[in-house]
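A.B. asks: Protein chains in written order, with the working numbering: chain A, 147 to 424; chain B, 147 to 424. Handing you this structure, nothing more for now.
Number of protein chains: 2
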Amino acid sequence: MNLFGFLGPKGTFSEIALKTYLKNEDVDVECMGYASIDKLFLALDSKRCSAIIVPVENSVEGSVTTVVDHLIKLNDTFITAEFVLKIEHNLMVKDESKSITDIISHYQPIAQCRHYLESNYPDVDLNNAESTAKAADFVSDYNGDKVYGVIGHESLAKRYGFNIMDRNINDSKENVTRFFIISRKPTEPTGNDKSTIVFSTMKDQSGSLANVLNEFQSKSINLTHISSRPTKTSLGEYLFYIDCEGHFQDEILSEVLKLVEKKTSYIKCLGSYKKGGK
Amino acid sequence: MNLFGFLGPKGTFSEIALKTYLKNEDVDVECMGYASIDKLFLALDSKRCSAIIVPVENSVEGSVTTVVDHLIKLNDTFITAEFVLKIEHNLMVKDESKSITDIISHYQPIAQCRHYLESNYPDVDLNNAESTAKAADFVSDYNGDKVYGVIGHESLAKRYGFNIMDRNINDSKENVTRFFIISRKPTEPTGNDKSTIVFSTMKDQSGSLANVLNEFQSKSINLTHISSRPTKTSLGEYLFYIDCEGHFQDEILSEVLKLVEKKTSYIKCLGSYKKGGK
Chain A
147 MNLFGFLGPK GTFSEIALKT YLKNEDVDVE CMGYASIDKL FLALDSKRCS AIIVPVENSV
207 EGSVTTVVDH LIKLNDTFIT AEFVLKIEHN LMVKDESKSI TDIISHYQPI AQCRHYLESN
267 YPDVDLNNAE STAKAADFVS DYNGDKVYGV IGHESLAKRY GFNIMDRNIN DSKENVTRFF
327 IISRKPTEPT GNDKSTIVFS TMKDQSGSLA NVLNEFQSKS INLTHISSRP TKTSLGEYLF
387 YIDCEGHFQD EILSEVLKLV EKKTSYIKCL GSYKKGGK
Chain B
147 MNLFGFLGPK GTFSEIALKT YLKNEDVDVE CMGYASIDKL FLALDSKRCS AIIVPVENSV
207 EGSVTTVVDH LIKLNDTFIT AEFVLKIEHN LMVKDESKSI TDIISHYQPI AQCRHYLESN
267 YPDVDLNNAE STAKAADFVS DYNGDKVYGV IGHESLAKRY GFNIMDRNIN DSKENVTRFF
327 IISRKPTEPT GNDKSTIVFS TMKDQSGSLA NVLNEFQSKS INLTHISSRP TKTSLGEYLF
387 YIDCEGHFQD EILSEVLKLV EKKTSYIKCL GSYKKGGK
């Protein structure tokens, strides 16, 4: 049986994304939760997992930087699919008769509900946990004087016997998270693909980034995402991540990549995959 | 007396950056810690503070997204200075005779010490607090069974009577954080300035970003930083933040900005300021 890894424990948005994604795939896999993003990539690298699902970008909070920083280190593994999940956050409590003194969740949901929290709970303490499910687990076991509210998917209420105080509390109702599936075998072109590429530019930042982007523009290849991450060696030196339309085996894109290679100090195609839609 | 706000409580890297910055400025101000980045910007907007200092980018972890998302909302306030602080993290405990079971800090220091923690404390639980000083404050008051290690600036050890277990534990020894000072009066050119500009491109992402960058390139204006943030309305729509050399009152830069305006759907210069050096 193949093992498919996600950021656990059970009840995280990663698990829900994986289960929803697998419904439309004809594969026989067992799903396994790992305690952190680092442990998830380690399970893939050490071949304990044949594939993993990771959150890469949220429409409100942006890149999940821990994940993005792992992508450049992919070793004989490839982004092979993308999946977009609509996110609805709920405020849940153990006992709805008491007033909330503290709120706990992963930092991304807290950021995604910032205005709601400022308006409705301006004076409560905000606490960060490593995942929404770990926050729920903490509150379930907690027996002290504080009264915790948990922010997360409604399935956590069922799992832990919590009451839902308020539904869909995210500030933007267009809140979606994009996930990547990473596995061992690169995909074949479907005619409706995207590719993710990472590169660093030559020294003179201004001209060199424009030079790279101009190569894509000259062949009318649309970019659907661009972000930068520090190289971690010196302030002001960046790696650029772009998603573009096309498959790396397509003639036009592979031609562009050859031209781009001459204008970058580093370039790697992290995978091509069928467009997942919003 | 003018009030200068920072992300408190006392002992955060923000307070150390502010104190170090003020040593070279001939101003008479009182420094005041605020509990969160949101409260800090609110204190500036409501004129309770005349200026604030905020961390904007770390050389290892990248943009401080909460801060960057506030910059676009600056209202009659401007980035007026930058300051770069070298960051050294330390592992501190209350009682060095006991083995650490848990580590607590802000998520950025934990991310900046990831490899150190994996090598030396692979099995301890990692916990996030809203600031390094708030983590120290929590541990100082804690009386349970867990043994917490705190990651932060060495001044916290003195303030809370902690022992320093290990010094300079950050994975990259080139770890620096860049701060912005935001206040009410735009600066005059010094001849050695940088400017921060935010814009969104026209619909077709590929061509339009290249078109904007080409305007800077054509006048040989160097870009020292570029990053993207979601517009928060829809996945795949971004605001771009760039830092470039020059002052917005300089003839060349103001000419370029006029040309760029025609190629963007939104553009705003957030301020010009003397280069702070690495």
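Where a beta carbon is used, it is the ideal one built from N, C-alpha and C, also for glycine.
Could you tell me the distance, in whole angstroms, from the CA atom of D312 of chain B to the CA atom of G382 of chain A?
C.D. replies: Distance between the alpha carbons of D312 of chain B and G382 of chain A: 29 Å.
A.B. asks: Give the interface partners of A356 of chain A over in chain B, defined as CB-CB distance under 7 Å, in chain order.
C.D. replies: By Cβ distance, chain B contributes A356, L359, N360 and Q363.
A.B. asks: Using the rule of at least 16 other Cβ atoms within 10 Å of the residue's Cβ for burial, across every protein chain shown, is G417 of chain B buried or exposed?
C.D. replies: Burial call: buried.
A.B. asks: Name the residues in the segment 189-212 of chain A whose C-beta lies less than 8 Å from a C-beta of chain B; which are they?
C.D. replies: Listed by position along the chain: E203, N204, S205, V206, E207, G208, T211 and T212.
A.B. asks: Since T195 of chain A sits in a beta bridge, which residues does DSSP pair it with?
C.D. replies: Note that residue 195 of chain A corresponds to Cys in the displayed sequence, not to Thr. Beta-bridge pairing links C195 of chain A to no other residue.
A.B. asks: Taking Cβ positions, are L231 of chain A and V322 of chain A nearer each other than 8 Å?
C.D. replies: Cβ atoms of L231 of chain A and V322 of chain A: closer than 8 Å.
A.B. asks: Of all Cβ atoms in chain A, is any one closer than 8 Å to the Cβ of I315 of chain B?
C.D. replies: False, the Cβ-Cβ gap to chain A never drops below 8 Å.
A.B. asks: Which residue's Cα is closest to the Cα of E391 of chain B: B:H371, B:T410, B:V344 and B:K378?
C.D. replies: Closest option to E391 of chain B, Cα to Cα, is B:H371.
A.B. asks: With respect to the alpha helix (DSSP H) encompassing R305 of chain B, which residues constitute its N-terminal and C-terminal limits?
C.D. replies: Run containing R305 of chain B: S301 to Y306, per the alpha helix (DSSP H) assignment.
A.B. asks: Tell me the DSSP secondary structure of H371 of chain A in three-state form.
C.D. replies: Strand at H371 of chain A.
A.B. asks: With a threshold of 16 other CB atoms inside 10 Å of the CB of K280 of chain A, please say whether the residue is buried or exposed.
C.D. replies: When all chains shown are included, K280 of chain A counts as buried.
A.B. asks: Decide if the segment 156-176 of chain B is in contact with the segment 300-309 of chain B; the criterion is three or more beta carbon pairs, one per stretch, under 8 Å apart.
C.D. replies: Short answer: they touch.
A.B. asks: Go ahead and pull the three-state DSSP assignment for V428 of chain A.
C.D. replies: The structure shown does not extend to residue 428 of chain A, since chain A is modelled only from 147 to 424, so the question has no answer here.
A.B. asks: Looking at the C-beta of I372 of chain B, does it have a partner C-beta in chain A at a distance below 8 Å?
C.D. replies: Yes - at least one Cβ of chain A is within 8 Å of the one on I372 of chain B.
A.B. asks: In chain B, which residues lie with their C-beta within 9 Å of the C-beta of D184 of chain A?
C.D. replies: Within 9 Å Cβ-Cβ: R260 and E264.
A.B. asks: Which runs of the alpha helix (DSSP H) fall wholly inside the segment 154-238 of chain B and span at least 4 residues, in chain order?
C.D. replies: DSSP runs (the alpha helix (DSSP H)) wholly in the segment 154-238 of chain B: 159-169, 183-191 and 211-217.
A.B. asks: Quick check: the Cα distance between C177 of chain A and F326 of chain B, rounded to an integer number of angstroms?
C.D. replies: C177 of chain A and F326 of chain B: Cα-Cα distance of roughly 45 Å.
A.B. asks: Excluding five sequence neighbours on each side, which residues of the same chain lie with their C-beta closer than 7 Å to the C-beta of K349 of chain B?
C.D. replies: Excluding residues within five positions, none has a Cβ falling inside 7 Å.
A.B. asks: I310 of chain A by DSSP, collapsed to three states: which one?
C.D. replies: It is a strand residue.
A.B. asks: Who are N441 of chain B's beta bridge partners in DSSP?
C.D. replies: The structure shown does not extend to residue 441 of chain B, since chain B is modelled only from 147 through 424, so no value can be given for it.
A.B. asks: How would you write the range of the beta strand (DSSP E) that S251 of chain B sits in, first residue to last?
C.D. replies: Element bounds for S251 of chain B: D248 to S251.
A.B. asks: Under 9 Å, CB to CB, which of the residues in the segment 222-234 of chain A have a partner in chain B?
C.D. replies: Taking 9 Å as the Cβ-Cβ cut-off against chain B, the residues of the segment 222-234 of chain A that qualify are V230.
A.B. asks: Identify which residue in A:S209, A:I183 and A:A181 has its Cα closest to the Cα of D389 of chain A.
C.D. replies: The option with the nearest alpha carbon to D389 of chain A is A:S209.
A.B. asks: Counting only Cβ pairs nearer than 9 Å, list the residues of chain A close to A257 of chain B.
C.D. replies: Within 9 Å Cβ-Cβ: T211, T212 and D215.
A.B. asks: Are there 16 or more other CB atoms within 10 angstroms of the CB of K219 of chain B, so buried, or fewer, so exposed?
C.D. replies: Answer is exposed; the Cβ neighbour count stays below 16.
A.B. asks: Please list, in chain order, the chain B residues whose beta carbon lies closer than 7 Å to that of G353 of chain A.
C.D. replies: Within chain B, the residues near G353 of chain A are Q363.
A.B. asks: What residue range does the beta strand (DSSP E) around V270 of chain B cover?
C.D. replies: Neither: V270 of chain B is in no beta strand (DSSP E) and is coded neither H nor E.
A.B. asks: Between V293 of chain B and chain A, is there a C-beta pair that is closer than 8 Å?
C.D. replies: V293 of chain B does not count as touching chain A.
A.B. asks: Buried or exposed for N221 of chain A, going by 16 or more other Cβ atoms inside 10 Å?
C.D. replies: Classification of N221 of chain A: exposed, given that the 10 Å Cβ count is below 16.
A.B. asks: Whose C-alpha, out of A:I315, A:S251, A:D291 and A:I250, is nearest the C-alpha of H261 of chain A?
C.D. replies: Checked all of A:I315, A:S251, A:D291 and A:I250; the closest Cα to H261 of chain A is A:I315.
A.B. asks: So T410 of chain A is in the beta strand (DSSP E); what residue range does that whole segment cover?
C.D. replies: Here the beta strand (DSSP E) through T410 of chain A covers T410 to K420.
A.B. asks: In chain B, which residues lie less than 7 Å from P376 of chain A when you measure between Cβ atoms?
C.D. replies: In chain order: S205, V206 and G208.
A.B. asks: Where G337 of chain B and L403 of chain A are concerned, what is the direct C-alpha to C-alpha distance, given to the nearest angstrom?
C.D. replies: Approximately 40 Å, taken between the alpha carbons.
A.B. asks: Flag Y253 of chain B as yes when its Cβ comes closer than 7 Å to any non-hydrogen atom of the ligand ZN, and as no otherwise.
C.D. replies: Among the components of this structure there are no ligands whatsoever, and the ligand ZN is therefore not found.
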